[in-house]
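So the structure is just underneath, and the comments pick up after that.
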Amino acid sequence: MWSTFVVTLKSNLRNTSALFWLIVFPIALSTMFNVVFGNLDNAMSITPVSVAVVEDANWTKTTGADTLITALSGKQSGSGKTDKTTDTTTTTDDARAAIGDLDVDVRLLDVTTVDSTAQARELLDDGTTDGIIAADGDGRLALTLSSDTVATANNSTSAVGLDVSLAALDNVLDQYNRTGATVRAALKDNPTAAVNRAFWNGIGSATNGTKEITLTNFKPDAMARYYYALMGMACLMAMSTMIYAVTTAQANLSALGIRRSVAPLGRARQLVAGFLAGWLCSCACLLVALAYIRYACGIAVGGREPLAVLAVIVSSFMTCSLGTMIGAIPKLTAGVKQGMATALSCGLSLFSGLYGGFAMELSDLIARKAPLLATINPVQQVTDLFYSLMYYDSYRPFVRTCAILLAMSAAFLTAGVIMLRRQRYEHL
Numbered sequence: 001m002w003s004t005f006v007v008t009l010k011s012n013l014r015n016t017s018a019l020f021w022l023i024v025f026p027i028a029l030s031t032m033f034n035v036v037f038g039n040l041d042n043a044m045s046i047t048p049v050s051v052a053v054v055e056d057a058n059w060t061k062t063t064g065a066d067t068l069i070t071a072l073s074g075k076q077s078g079s080g081k082t083d084k085t086t087d088t089t090t091t092t093d094d095a096r097a098a099i100g101d102l103d104v105d106v107r108l109l110d111v112t113t114v115d116s117t118a119q120a121r122e123l124l125d126d127g128t129t130d131g132i133i134a135a136d137g138d139g140r141l142a143l144t145l146s147s148d149t150v151a152t153a154n155n156s157t158s159a160v161g162l163d164v165s166l167a168a169l170d171n172v173l174d175q176y177n178r179t180g181a182t183v184r185a186a187l188k189d190n191p192t193a194a195v196n197r198a199f200w201n202g203i204g205s206a207t208n209g210t211k212e213i214t215l216t217n218f219k220p221d222a223m224a225r226y227y228y229a230l231m232g233m234a235c236l237m238a239m240s241t242m243i244y245a246v247t248t249a250q251a252n253l254s255a256l257g258i259r260r261s262v263a264p265l266g267r268a269r270q271l272v273a274g275f276l277a278g279w280l281c282s283c284a285c286l287l288v289a290l291a292y293i294r295y296a297c298g299i300a301v302g303g304r305e306p307l308a309v310l311a312v313i314v315s316s317f318m319t320c321s322l323g324t325m326i327g328a329i330p331k332l333t334a335g336v337k338q339g340m341a342t343a344l345s346c347g348l349s350l351f352s353g354l355y356g357g358f359a360m361e362l363s364d365l366i367a368r369k370a371p372l373l374a375t376i377n378p379v380q381q382v383t384d385l386f387y388s389l390m391y392y393d394s395y396r397p398f399v400r401t402c403a404i405l406l407a408m409s410a411a412f413l414t415a416g417v418i419m420l421r422r423q424r425y426e427h428l
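This is how it looks when you write it as structure tokens:
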């Protein structure tokens with residue numbers, strides 16, 4: 001039995017076609033994913049926008065303008081600076097409350113201060129800055145962008161994150177203007193409210209209506225779904241190793257099967273040795289692909305790498321069981337069985353979301369409308385096995401998916417054993 005195990009393992013390692021689909025194919029496709037999708041996260045990040053701030057007379061009397069720009073440029077504002085509005089002097093802290101107690105974790109602006117609009121226009125025209133921020137007589141801030149900046153932001157391939165930064169900046173300035181208008185209207189009706197700290201705290205809490213929270217175990221990569229759908233397809237392609245092990249033990253399919261049928265080692269022990277060899281080979285190959293996706297492509301699993309290894313082991317066991325069942329189908333040649341394995345892998349991968357946005361939408365639709373179809377799809381279950389590591393704090397979804405895959409394995413192995421036990425040969 002040990003000799004059969006070693007010989008089968010060596011044969012699997014010499015099978016260049018199987019090694020291509022188990023190692024080269026997932027590495028090549030994940031590299032392509034990394035090249036195509038690698039800059040998407042950067043495209044959604046905020047990068048500093050170069051602006052010229054016009055510090056003229058209107059700017060000087062605008063409450064909180066300096067505090068806002070200081071916060072957006074990532075600098076510390078000085079204490080004790082005063083601003084005036086409607087004959088009321090407020091501290092810098094009150095100005096922060098008027099703009100919603102703004103607290104930014106990223107640097108949104110790269111500021112150049114000028115004394116007049118004419119100087120700001122010169123910087124804008126020669127391309128030194130992307131825009132101008134100035135105050136009007138009513139205390140509102142306005143952002144002016146150059147036509148080149150707008151065109152660059154609209155072309156997502158030209159400037160990574162510029163469109164996101166401009167949208168964020170526009171939202172901040174709009175919030176500042178709306179808050180300022182509310183404060184001025186309130187002080188006009190009740191001038192004594194300015195001396196009440198509760199008034200400014202109320203203004204700040206009203207503007208902070210949203211809060212960022214984390215719903216998943218960690219912040220996963222937006223394109224991780226494609227990588228793990230690829231793992232699901234590669235896992236199912238590992239059926240070929242087990243199909244080879246089964247067909248080489250059948251006397252009507254290969255010369256090796258004829259010799260094995262008259263060997264003193266029983267067929268059951270030959271099949272067990274072949275199964276273990278195929279399982280070990282597929283595990284090793286898929287772990288190489290997983291390591292490449294994790295460390296070369298940077299697709300994390302939330303610090304749960306040991307469980308990701310366990311996921312590969314369970315998935316490989318399932319796919320070897322499925323390969324055993326397909327390999328045991330009577331009256332089919334080895335080539336037809338290998339073709340069936342390839343067709344199943346490619347076809348079921350469509351419903352797990354591997355082939356682009358449309359496939360992802362189809363996968364989500366099936367999961368919502370027909371969850372039973374998603375449950376019986378081996379590729380989808382392998383993909384969900386990795387999803388459960390990324391998106392859930394609890395281990396329960398991971399354990400449940402492992403149980404589904406093991407149940408599939410039991411069904412496939414039972415069917416394969418039944419078909420193999422019924423096969424008899426009239427002559428060799």
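Per UniProt numbering, the very first residue in the sequence shown carries number 1; after that it's consecutive.
Each residue gets a CB set at the ideal place from its N, CA and C atoms; glycine is no exception.
Inset, instruction - Identify the continuous beta strand (DSSP E) that holds alanine 52 and give its terminal residues. - result: 49–54
Legend entry - glycine 232, DSSP secondary structure in three states: helix
Inset, instruction - In angstroms with no decimal places, state the Cα-to-Cα distance between valine 114 and aspartate 56. - result: 8 Å
Inset, instruction - Work out the CA separation of leucine 354 and methionine 242 for me, nearest whole Å. - result: 24 Å
Inset, instruction - Using the Cα positions of threonine 117 and valine 35, report the straight-line distance between them to the nearest angstrom. - result: 43 Å
Inset, instruction - Give the straight-line distance between the Cα atoms of aspartate 66 and alanine 300, rounded to the nearest whole angstrom. - result: 41 Å
Legend entry - Per-residue burial, proline 378 [other beta carbons within 10 Å of its own, 16 or more giving buried]: buried
Legend entry - Closest by C-alpha distance to aspartate 126, when choosing among Ile23, Thr47, Leu145, Gly137: Leu145
Inset, instruction - Could you tell me whether the Cβ atoms of cysteine 283 and isoleucine 313 are closer together than 7 Å? - result: yes
Legend entry - Cβ contact (3+ pairs, closer than 8 Å) linking the stretch 233–249 and the stretch 397–410: no
Inset, instruction - Taking threonine 129 and serine 50 to be in contact with their CB atoms under 8 Å, please state how far apart those CB atoms are, rounded to whole angstroms. - result: 5 Å
Legend entry - Three-state class that DSSP yields for valine 114 in the structure shown: strand
Legend entry - Range covered by the alpha helix (DSSP H) that runs through leucine 385: 378–391
Inset, instruction - Could you pull out every residue in the same chain whose Cβ sits closer than 6 Å to the Cβ of leucine 385, ignoring the five residues on either side in sequence? - result: Ala311, Thr401
Inset, instruction - Could you tell me whether the Cβ atoms of phenylalanine 317 and serine 409 are closer together than 7 Å? - result: yes
Inset, instruction - Note down, in chain order, each residue of its chain lying with its Cβ closer than 8 Å to the Cβ of glycine 137, except the 5 sequence neighbours on either side. - result: Asn58
Inset, instruction - To the nearest angstrom, report how far apart glycine 139 and proline 48 are at their CA atoms. - result: 24 Å
Inset, instruction - Might you give, ordered along the chain, the residues of its own chain that have their beta carbon closer than 8 Å to the beta carbon of leucine 362, omitting 5 neighbours on each side? - result: Leu350, Phe351, Gly353
Legend entry - Straight-line Cα distance separating leucine 166 from alanine 153: 8 Å
Inset, instruction - Could you tell me whether any non-hydrogen atom of the ligand SAH is closer than 6 Å to the CB of arginine 396? - result: Among the components of this structure there are no ligands whatsoever, and the ligand SAH is therefore not found.
Inset, instruction - Return the chain-ordered list of same chain residues with a C-beta closer than 8 Å to the C-beta of phenylalanine 33, the five sequence neighbours on each side being excluded. - result: Met223, Tyr226, Tyr227, Leu230, Cys297
Legend entry - Reduced DSSP secondary structure (H/G/I, E/B, other) of isoleucine 299: coil
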